[in-house]
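Just below is one structure, and these are the notes that go with it.
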Amino acid sequence: MLRFTITRLLRAAITIVMVVTFAFVVLRLSGDPAQIIMGADAPPEAVDAFRTAWGLDEPLWVQYVSYFGAIFSGDLGRSMRDGREAIVLVLERIPATLALTVPALFIKLALGIPAGILAALYRNSALDRAVMMFAVAGFTIPSFVLGLLLVLLFAVQLGWLPSGGQESWRHAILPVITLGIGGAAALARFTRSAMLEVLGQPYIRTASAKGVAWRRVVANHALPNAAIPTVTIIGFMFGSLIAGAVVVESVFSWPGVGRLLVTAVANRDLAVVQCILLLVAMTMITANLVVDLLYGVLDPRLRGGARKAEA
Amino acid sequence: MPEAPMTDVALGAPPARRRELPPPLVMFGLFWVGLMLAVALLADVISPYAYTALDLRNRLAPPVFAGGDWLHPLGTDELGRDVLSRLIYSIRTSLIIAFGATIVGAMLGTTLGFLAAHFRGVVENAVMALVDFSASIPFLILALAVLAFFGNSMLLFVLLLGLHAWERYARIARGLAISASAQGYAGAVRQLGAGPLRVYGRHILPNIASTLIVSMTLAFPEVILLESGLSFLGLGVQPPATSLGNMVGFGREYLTRAPWILLAPAVVIVLTTLSVSLIGDWLRDRLDPTLR
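The listed protein sequences derive, respectively, from chains G and P.
This note's numbering puts the first sequence at residues 1 to 311.
This note's numbering puts the second sequence at residues 312 to 603.
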């Protein structure tokens, strides 16, 4: 188990190094960082001062090393729009995003997992067909279309709920539903196929054949095994708590990280984009790491340090 | 499943392999994709107006079924541009991008997968580290970051979307190529003196092509959704060019007064992704028993 944990930690560390390197390379490729971070109309002395301060006159590898130093001390540059620190700008948007993504995550889990399990247990029943239709619809209807349709129905036609903004909890209802339904559909589809896969295994037949009650077979033999692949997608959902609402936030003019990212991209506010990119990657890598470690707990066979099943 | 094959064997009956028509939903999918392809190919011929042509006297005209006239069957937008014509050209743009990006992704991923399978060792670890890297950033965020750093052009946009799902092809190609190399036919052509390019290009690739094609069919709707999502955010296809997501994005301003501007492209997006996924699932079941 120790070896397993160390391998996973190492892989996460390597991935973080790759992400930071990617940000460094892309930032250097896209032009003079001093000019970009200071803004086009910054006075030349300020740009030069910035260059010396950030060591941009040093050789590239020295810059690379000090870039790492800066990142890990939380120094991610300033927004070129209002001159505030990028990291502060991003951090103050996070609560708004979590106010959407956390309730949406509950909807996904509470709706998606039971729906998937039931669909698999009652395969080819009317319930199964309904779940699959829901799953296909959730996959094929993009979130911005679903969001706008909900606005058209509940805000424009019925006038029950506000169409956008963040004044009260009622403003959160439509975006949370939009996020939740899409995710629940994906999770239901995934859980169903994981469950079907397990139910077809010989050990399930063995357990039933030796007279174990079906209820117990499902609870003790099928569910724990089906949980293993399902954990991956749930981990992914945890990892995207910060960045998972880019489109939906834009549909509902919700002032979260996603909306900040879209405006930053449109304005080419690179410090902010870079900050969000790194933050999202760190969250995702941490979530993936936790998933990997959970795999080890859930499935003793994987503790040998072998790669995760190639699925 | 258990009984049917046994009775067949017992009766000595030949295996029943009738050519069956695909299920109705898949037929619909094929029909719809065919229609979309025809529309994209014939856009210049069938489009009633140029997609930029203004008709300022008929701004926000409703479609035929909502009290409009046949001058503009699907109505017009805020500048009096014909929604049907814009829809036709949007279908063309979105399909070209989705096809281009899917092919780029498949080629890139397959090549990297083959390289990993051929050289193993360091190369394989490097490719697998890249796979880890792309799993660490949600693709939408990565795409937005690249667009912010490099600005936007049509070519960059297609290449960027091509990066979507490359790791899926890479993993499939690597796994299948490793197992194919261990099989007789790959060894045989190698013994005959074929170089790696020939072995992979002419012998292994055709043998794993069906799996790759299925993956492409399953990735294609995702690319359409990504393109339309980015264009909806105003960061994908830039005006005056128009795409399906782009139309929804601009139509959103007129959600209350002229919902048809937005609904027409939304319906096309949903039906197209639905159709391609249905075809993809069906193909997977037919061509690729290993993937179930």
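Don't be surprised by glycine CBs; every beta carbon is placed ideally from N, CA and C.
message: In the DSSP output, which residue or residues are listed as bridge partners for D393 (chain P)?
response: Paired residues: P:T387.
field: Minimum Cβ-Cβ distance from G540 (chain P) to chain G less than 8 Å
entry: For G540 (chain P), a Cβ of chain G is located within less than 8 Å of the residue's own Cβ.
- prompt: Just by C-beta distance, which residues in the segment 226–244 of chain G are closer than 9 Å to chain P?
  reply: Those would be F236, G239, S240, A243 and G244, in chain order.
- request: Answer yes or no: do R397 (chain P) and T553 (chain P) have a C-beta to C-beta separation smaller than 8 Å?
  value: Taking 8 Å as the Cβ cut-off, R397 (chain P) and T553 (chain P) qualify as a contacting pair.
- request: Kindly indicate which three-state DSSP category E167 (chain G) falls into: helix, strand or coil?
  value: E167 (chain G) falls in the coil class under three-state DSSP.
query: What residue range is occupied by the uninterrupted alpha helix (DSSP H) comprising D443 (chain P)?
result: Looking at the DSSP string, the run of the alpha helix (DSSP H) that includes D443 (chain P) is G432 to S447.
- prompt: Can the beta-carbon of A115 (chain G) be found less than 8 Å from the beta-carbon of A188 (chain G)?
  reply: A115 (chain G) is a Cβ neighbour of A188 (chain G), given a cutoff of 8 Å.
field: Backbone secondary structure at R78 (chain G) - three-state DSSP
entry: Reduced to three states, the DSSP call for R78 (chain G) is strand.
task: Flag P162 (chain G) as yes if its beta-carbon sits less than 8 Å from any beta-carbon of chain P, otherwise no.
output: Taking Cβ atoms only, chain P never reaches closer than 8 Å to P162 (chain G), which makes this a no.
- request: Find the residues of chain G that neighbour P288 (chain P), judging by a C-beta separation of less than 7 Å, and give them in chain order.
  value: Any property of residue 288 (chain P) remains undetermined from this structure, which presents chain P solely from 312 to 603.
- prompt: Is E58 (chain G) helix, strand or coil by DSSP?
  reply: Residue state, collapsed to three classes: coil.
query: In chain P, which residues lie less than 7 Å from S250 (chain G) when you measure between Cβ atoms?
result: In chain order, L544 make up the part of chain P whose C-beta sits under 7 Å from the C-beta of S250 (chain G).
field: CA nearest to the CA of A372 (chain P), picked from P:A481, P:D592, P:I572 and P:A417
entry: Selection P:A481, P:D592, P:I572 and P:A417 evaluated against A372 (chain P) yields P:I572 as nearest (Cα-Cα).
field: Below-8 Å beta-carbon distance, I452 (chain P) vs any chain G residue
entry: Under the Cβ criterion of 8 Å, I452 (chain P) is counted among the residues facing chain G.
- request: Mind checking which residues open and close the alpha helix (DSSP H) that includes T7 (chain G)?
  value: Per DSSP, T7 (chain G) belongs to the alpha helix (DSSP H) from L2 to L29.
message: Using a Cβ-Cβ distance cut-off of 8 Å, determine whether L594 (chain P) contacts chain G.
response: With a threshold of 8 Å between beta carbons, L594 (chain P) makes no contact with chain G.
field: Cα-Cα separation, T178 (chain G) to V457 (chain P)
entry: Between T178 (chain G) and V457 (chain P), the alpha-carbon positions lie close to 27 Å from each other.
message: Quick check on V581 (chain P) - is its C-beta less than 8 Å from some C-beta in chain G?
response: Closer than 8 Å: yes.
field: Buried or exposed (CB count within 10 angstroms, at least 16 for buried), T318 (chain P)
entry: Because T318 (chain P) sits at a pLDDT of 43, beneath the cut-off of 50, its placement in the model cannot be relied upon, and the following sentence gives the value as read from the coordinates. T318 (chain P) counts as exposed, since fewer than 16 other beta carbons sit within 10 angstroms of its beta carbon.
message: Distance check for I524 (chain P) and V344 (chain P), CA to CA, integer angstroms please.
response: Roughly 16 Å separates the two Cα atoms.
- prompt: Does the beta carbon of R268 (chain G) sit closer than 8 Å to a beta carbon anywhere in chain P?
  reply: Yes, because at least one Cβ of chain P sits closer than 8 Å to the Cβ of R268 (chain G).
query: Does the count of Cβ pairs from the segment 135–154 of chain G and the segment 74–83 of chain G closer than 8 Å reach three?
result: Because the criterion of three Cβ pairs below 8 Å is not met, the segment 135–154 of chain G and the segment 74–83 of chain G do not touch.
- prompt: Tell me, which residues are paired with E478 (chain P) by DSSP?
  reply: Paired residue(s): none; E478 (chain P) is not in a bridge.
- prompt: On the premise that V579 (chain P) lies in contact with A141 (chain G), defined as a C-beta separation below 8 Å, what is that separation, rounded to the nearest angstrom?
  reply: Just to set this straight, residue 141 (chain G) is Ile in the shown sequence, not Ala. Not a contact, Cβ separation roughly 12 Å.
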